[in-house]
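A short worksheet on the structure shown next.
Protein chains: 2
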Amino acid sequence: MEIPQIEELELLHANICQALGDPKRIQILYALHGEPRYVSALADDLGMPQPTVSRHLQVLRQRSLVLTERDGQTVVYSLADPRIIEVLSVMRQIMRDALDRQTNVLA
Amino acid sequence: MEIPQIEELELLHANICQALGDPKRIQILYALHGEPRYVSALADDLGMPQPTVSRHLQVLRQRSLVLTERDGQTVVYSLADPRIIEVLSVMRQIMRDALDRQTNVLA
DNA sequence: CCAATGTATTCGGATAGGCGAATAGATGCA
DNA sequence: TGCATCTATTCGCCTATCCGAATACATTGG
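Residue numbers (the working numbering), protein chains in the order written: chain L, 474 to 580; chain Z, 474 to 580.
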């Protein structure tokens with residue numbers, strides 16, 4: 474019986490999760506929900522420096538979580554897959570339920 | 474108009490995602506799917522040293538992703554919420570679709 | 001109490017990831 | 001071309017995380 478190795482799928486999987494593991498990137502993804510935005514618009518909306526937003530967008534792009542399209546001087550970013558927001562929402566619900574359980578235990 | 478700050482929810486959210494952002498922890502979560510296990514059983518199954526498994530389990534526990542129950546000498550870990558696996562599966566599907574898109578573009 | 005078994009933690013070193021600041025690159029237009 | 005605007009990258013520093021190895025802690029049974 475072989476020892477199970479860490480498969481490529483697990484690595485990719487972890488890679489995606491890791492990309493979601495930063496508060497600013499989560500904000501960015503939610504901000505892209507519904508309407509594509511360009512970089513400085515995101516920066517203004519979220520109150521982050523433009524280079525910061527750009528760096529985070531690169532991370533998301535490398536993981537295929539966002540898509541880009543150049544439009545003249547600006548680069549428009551959009552969610553690559555609406556299910557990303559679904560996943561985040563479910564996680565948020567899981568989180569909330571876990572917090573509720575803890576609160577109930579303490580009460 | 475105030476600049477939107479990073480809310481507590483986003484921090485928690487990122488925290489959860491970050492916990493999922495490690496291949497070994499993903500393996501552990503899948504291994505806990507269906508049946509609770511105790512630490513050394515997991516270590517044997519996954520071919521990881523026991524302290525490694527234990528450390529990762531602590532990370533998952535802090536985020537309320539797994540639950541523990543002591544049973545004599547052993548400590549039994551279980552998934553705190555089956556939706557965690559659902560979320561991981563959806564992410565896996567999102568990932569696969571993204572890979573397919575890339576392949577199609579290249580072809 | 002002591003030994004055996006199972007689990008958790010600590011330590012040190014290596015690696016990765018975040019940020020601000022500065023700068024480089026790309027595009028459009030006069 | 002030259003300038004303004006928008007985006008991406010680099011640099012240095014700091015912090016967080018991971019790992020193996022060793023060790024501490026907890027529980028059971030003799």
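Don't be surprised by glycine CBs; every beta carbon is placed ideally from N, CA and C.
Neighbourhood of Z:Arg536 by C-beta distance below 7 Å, restricted to the same chain and skipping five residues each side: Correct list, in chain order: Asn488, Ile489 and Ala492.
Residues that L:Ala487 contacts on chain Z, provided the C-beta gap is smaller than 9 Å: Leu493, Gly494, Asp495, Pro496, Lys497, Arg498 and Ile499
For L:Glu481, the first and last residue of its enclosing alpha helix (DSSP H): Start and end: Glu481 to Leu493.
Length at least 3, wholly inside the stretch 506 to 566 of chain L: the beta strand (DSSP E) runs in chain order: Segments of the beta strand (DSSP E) lying fully in the stretch 506 to 566 of chain L: 539 to 544 and 547 to 552.
is_contact[L:Arg510, chain Z] using C-beta, thresh 8 Å: no
Cβ of L:Ser537 within 8 Å of any chain Z Cβ: yes
Cβ of Z:Ile558 within 8 Å of any chain L Cβ: no
From Z:Val539, Z:Asp544 and Z:Ile567, residue whose alpha carbon lies closest to that of Z:Pro555: Checking every option, the nearest Cα to that of Z:Pro555 belongs to Z:Val539.
CB contact flag (L:Leu515, L:Ile499, <8 Å): no
Rounded Cβ spacing between L:Val549 and L:Glu542 (contact assumed at less than 8 Å): 5 Å
C-beta neighbour in chain L for Z:Arg543, strict 8 Å: False, the Cβ-Cβ gap to chain L never drops below 8 Å.
Contacts that Z:Arg565 makes with chain L (C-beta to C-beta distance below 8 Å): Near Z:Arg565 (Cβ distances below 8 Å), the residues of chain L are Leu482 and His486.
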